[in-house]
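Note that the sequence shown covers residues 1 to 207 in the UniProt record's numbering.
Virtual Cβ for every residue (Gly too), placed ideally from N, Cα, C.
Just below is one structure, and these are the notes that go with it.
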Amino acid sequence: METYQTEQEKFWAGKFGDEYIQRNQEAWLLASNTALFASILKRTNHVQSVIEFGANIGMNIHALKNLLPHAQLNAVEINETAVNELKKIHDLHVHHKSILDFSAPSPYDLVFSKGVLIHIDPQALPHVYQTMYESSRRYICLIEYYNPTPMEIPYRGFSEKMYKRDFAGELMDTYPDLQLIDYGFVYRRDPVFIQGDLTWFLMEKRG
């Protein structure tokens with residue numbers, strides 16, 4: 001049996017993570033993700049390699065394949081059922097492991113997470129920030145729930161499974177050579193491209 005450092009890892013690697021997959025594979029999500037990443041990528045240059053931390057079944061990866069058809073795409077995912085789906089995506093390099101156990105074999109032009117840091121044990125965030133920073137050659141994008149101060153949110157009847165905070169601010173405070181390039185908000189009531197009230201922050205290494 002796989003052993004994990006945190007309760008949150010066990011939660012997402014197991015039955016709840018499997019159930020999450022069933023709720024997040026609608027066609028509209030691919031369209032919404034494509035619109036979101038088009039807005040983000042237009043502020044970047046020469047992105048040839050990308051890694052997603054917490055890719056699930058690859059709904060973000062599918063959007064990126066359309067927008068960056070020649071880029072090398074990579075994914076880190078903890079849930080085995082999701083990994084089996086990721087392996088069906090042509091030319092995707094999949095790392096089946098926890099983000100807390102991941103070490104990049106080489107840096108990537110763009111490192112990102114979408115709705116993932118919100119589910120990580122807050123005590124583990126400094127390690128995750130370090131891993132994302134060290135994995136990035138140039139850009140880091142965080143697409144998460146924002147709050148100016150850390151707070152826990154009840155999540156589908158569970159406690160200690162979702163948190164909001166200023167993830168990007170904490171990352172930039174830790175690594176001063178990161179410069180904010182752009183940011184934006186996607187609204188759950190958008191009449192065309194629905195997302196879940198996510199705020200995105202695109203940062204670039206300027207050291």
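Take Ala63, set aside five residues on each side of it, and the residues of its chain with a beta-carbon closer than 8 Å to its own are Leu30, Asn33, Thr34, Leu36, Phe37, in chain order. Look at the segment 141–205 and you find these whole runs of beta strand (DSSP E), each 3 residues long or longer: 178–186, 198–205. Pairwise C-beta distances place the segment 37–47 in contact with the segment 57–71, as three or more of them are shorter than 8 Å. By the neighbour-count criterion, in which a residue is buried when 16 or more other Cβ atoms sit within 10 angstroms of its Cβ, Trp28 is exposed. When the beta-carbon positions are compared, Ala55 and Leu86 come within less than 8 Å of each other.
Under the DSSP assignment, Ile78 falls outside any alpha helix (DSSP H); it carries neither an H nor an E label. Membership of Lys65 in the alpha helix (DSSP H) is indicated by the continuous run 59–67. Secondary structure note for His95: it is in no alpha helix (DSSP H), and the uninterrupted beta strand (DSSP E) holding it is 92–96. Residue pairing by DSSP places Glu52 opposite Ala75, Phe112 in a beta bridge. DSSP, read as helix, strand or coil, puts Ser32 in helix. Taken through DSSP and simplified to helix, strand or coil, Ser136 comes out as strand. Between the C-alpha atoms of Glu77 and Pro191 there is a straight-line separation of about 31 Å. C-alpha of Arg156 to C-alpha of Ser113: approximately 21 Å in a straight line. Taking a cut-off of 8 Å on C-beta distances, the segment 166–176 does not touch the segment 66–81, as fewer than three cross pairs fall below it. In this structure Leu198 does not touch Asp182 by the C-beta definition: roughly 14 Å separates them, more than the 8 Å allowed.
Taking each of Lys161, Ile143, Glu26 in turn and checking the Cα distance to Met151, the smallest one comes out for Lys161.
In the assembly as shown, Phe185 is an exposed residue. Its beta-carbon has fewer than 16 other beta-carbons within 10 Å. By the Cβ neighbour-count rule, Thr174 is exposed, with fewer than 16 other Cβ atoms within 10 Å of its own.
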